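Here the structure is laid out as structure tokens; the discussion comes afterwards.
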Amino acid sequence: MGRDTNIWSNNAEEFFPERFIDSNIDLHGHDFELIPFGSGRRLCPGKKLGLIVVKLILAQLVHCFNWELPSGMSPNELDMTENFGVSLPRKINLCVKPTYR
3 MGRDTNIWSN NAEEFFPERF IDSNIDLHGH DFELIPFGSG RRLCPGKKLG
53 LIVVKLILAQ LVHCFNWELP SGMSPNELDM TENFGVSLPR KINLCVKPTY
103 R
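Following this line, the structure appears as structure tokens:
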């Protein structure tokens, strides 16, 4: 179903994430247009673990490190403009200096 040309048109084999921009697709298997972890009896057993581990790693980074802008840069100087895309990446990458607490 993930490669069915009747559903995805002719570009079913291409990596084209922009096709999901204007849709309200759920990643948890409720919408059968996109099933990254499977669905029903074939659901990936590591789905919950994977999502929890990502949150845990992010929490550890925030908890264990102090984050500073490089070379005395002030927060007002940050450019927060975004590029258009699925995940809205920043135009200018954020460079921060982590110091262990």
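By our numbering, the letter at position 70 of the sequence shown is numbered 72, and the numbering carries on one by one without gaps. Just so it is clear, CB atoms sit at the ideal spot from N, CA and C, and this is done for glycine as well. Just so it is clear, the structure is predicted and the values come from calculations on it, not from any experiment.
Where residue i falls: helix, strand or coil (DSSP)
i, result
"L95", "The sequence given here has Asn at residue 95, not Leu. N95: coil per DSSP, three-state reduction."
"T101", "strand"
"F17", "coil"
Own chain partners of residue i with C-beta closer than 8 Å, once the 5 adjacent residues on each side are dropped
i, result
"I94", "D81, T83"
"R92", "D81, M82, T83, E84, N85"
Residue span of the alpha helix (DSSP H) that contains residue i, given as start and end
i, result
"L58", "49-66"
Beta-carbon proximity list for residue i, same chain, < 7 Å, skipping 5 on both sides
i, result
"Y102", "C66, F67"
Own chain partners of residue i with C-beta closer than 6 Å, once the 5 adjacent residues on each side are dropped
i, result
"E70", "K99"
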